[in-house]
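Going by UniProt numbering, the residue at position 43 of the sequence shown is 43; the numbering climbs one at a time, nothing skipped. Using N, Cα and C, we set each Cβ at its ideal position, and we do this for glycine too.
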Amino acid sequence: MTMSTKKQLRMTLALSTGKNHTVSLMDPKDDLTKAAVESCLQDVIAKKAIMLGEAYPVSIKDISVQTVDSSKLA
(Lines of atoms letter the chains of each structure in order from A and count residues from 1; the text may use other names and numbers.)
(Lines give C-alpha, C1' and ligand atoms only; values in the text may rest on other atoms or scores of the structure.)
Protein backbone atom coordinates (compact mmCIF):
# COMPACT_ATOMS: atom_id res chain seq x y z
CA MET A 1 0.00 0.00 0.00
CA THR A 2 1.39 3.42 -1.01
CA MET A 3 0.76 6.27 1.42
CA SER A 4 1.11 10.02 0.93
CA THR A 5 0.48 13.06 3.11
CA LYS A 6 -0.61 16.43 1.75
CA LYS A 7 -0.83 19.71 3.65
CA GLN A 8 -3.06 22.66 2.82
CA LEU A 9 -3.10 26.14 4.36
CA ARG A 10 -6.74 27.26 4.73
CA MET A 11 -7.48 30.93 5.39
CA THR A 12 -11.09 31.95 5.99
CA LEU A 13 -11.99 35.61 5.61
CA ALA A 14 -15.19 37.41 6.57
CA LEU A 15 -16.58 39.42 3.66
CA SER A 16 -18.32 42.79 3.58
CA THR A 17 -21.55 40.97 2.68
CA GLY A 18 -21.52 38.94 5.91
CA LYS A 19 -20.50 35.75 4.12
CA ASN A 20 -17.18 33.91 4.44
CA HIS A 21 -14.62 32.99 1.79
CA THR A 22 -11.85 30.41 2.18
CA VAL A 23 -8.55 30.66 0.31
CA SER A 24 -6.44 27.48 0.20
CA LEU A 25 -2.78 27.01 -0.66
CA MET A 26 -1.18 23.61 -1.10
CA ASP A 27 2.09 22.60 0.57
CA PRO A 28 2.75 25.52 2.93
CA LYS A 29 6.25 25.85 4.40
CA ASP A 30 6.84 23.77 7.52
CA ASP A 31 8.08 26.82 9.45
CA LEU A 32 5.14 29.05 8.49
CA THR A 33 3.81 30.99 11.49
CA LYS A 34 0.35 32.30 12.28
CA ALA A 35 1.84 35.80 12.65
CA ALA A 36 3.27 35.69 9.11
CA VAL A 37 -0.06 34.57 7.63
CA GLU A 38 -1.99 37.19 9.63
CA SER A 39 0.38 39.93 8.44
CA CYS A 40 -0.13 38.92 4.81
CA LEU A 41 -3.91 38.69 5.21
CA GLN A 42 -4.03 42.12 6.88
CA ASP A 43 -2.37 43.55 3.74
CA VAL A 44 -4.94 41.75 1.56
CA ILE A 45 -7.75 43.23 3.68
CA ALA A 46 -6.28 46.76 3.78
CA LYS A 47 -5.71 46.86 0.02
CA LYS A 48 -8.95 45.03 -0.86
CA ALA A 49 -6.71 42.79 -2.96
CA ILE A 50 -9.38 40.09 -3.26
CA MET A 51 -12.78 41.02 -4.65
CA LEU A 52 -15.66 38.59 -5.04
CA GLY A 53 -18.15 40.51 -7.10
CA GLU A 54 -18.86 43.58 -4.95
CA ALA A 55 -17.69 41.84 -1.75
CA TYR A 56 -14.26 42.30 -0.18
CA PRO A 57 -12.61 40.83 2.94
CA VAL A 58 -13.05 42.76 6.19
CA SER A 59 -11.51 40.42 8.79
CA ILE A 60 -9.75 37.11 9.38
CA LYS A 61 -12.08 34.35 10.62
CA ASP A 62 -9.73 31.35 10.77
CA ILE A 63 -6.28 30.13 9.78
CA SER A 64 -5.42 26.43 9.81
CA VAL A 65 -3.22 23.82 8.19
CA GLN A 66 -5.13 20.74 7.10
CA THR A 67 -3.21 17.49 6.76
CA VAL A 68 -4.66 14.67 4.67
CA ASP A 69 -3.22 11.16 4.58
CA SER A 70 -4.20 9.03 1.63
CA SER A 71 -3.30 5.51 0.68
CA LYS A 72 -3.91 3.53 -2.47
CA LEU A 73 -5.52 0.16 -2.08
CA ALA A 74 -3.73 -2.75 -3.66
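{"Query": "Beta carbon of L41 nearer than 8 angstroms to that of L9", "Result": "no"}
{"Query": "Span separating the alpha-carbon of S70 from that of K6", "Result": "8 angstroms"}
{"Query": "Selected residue, minimal CA-CA separation from L52, among T17, S59, T2", "Result": "T17"}
{"Query": "Identity of the residue in L73, S64, E54 nearest S24 by Cα", "Result": "S64"}
{"Query": "8 angstroms Cβ cutoff met for M11 and V37", "Result": "yes"}
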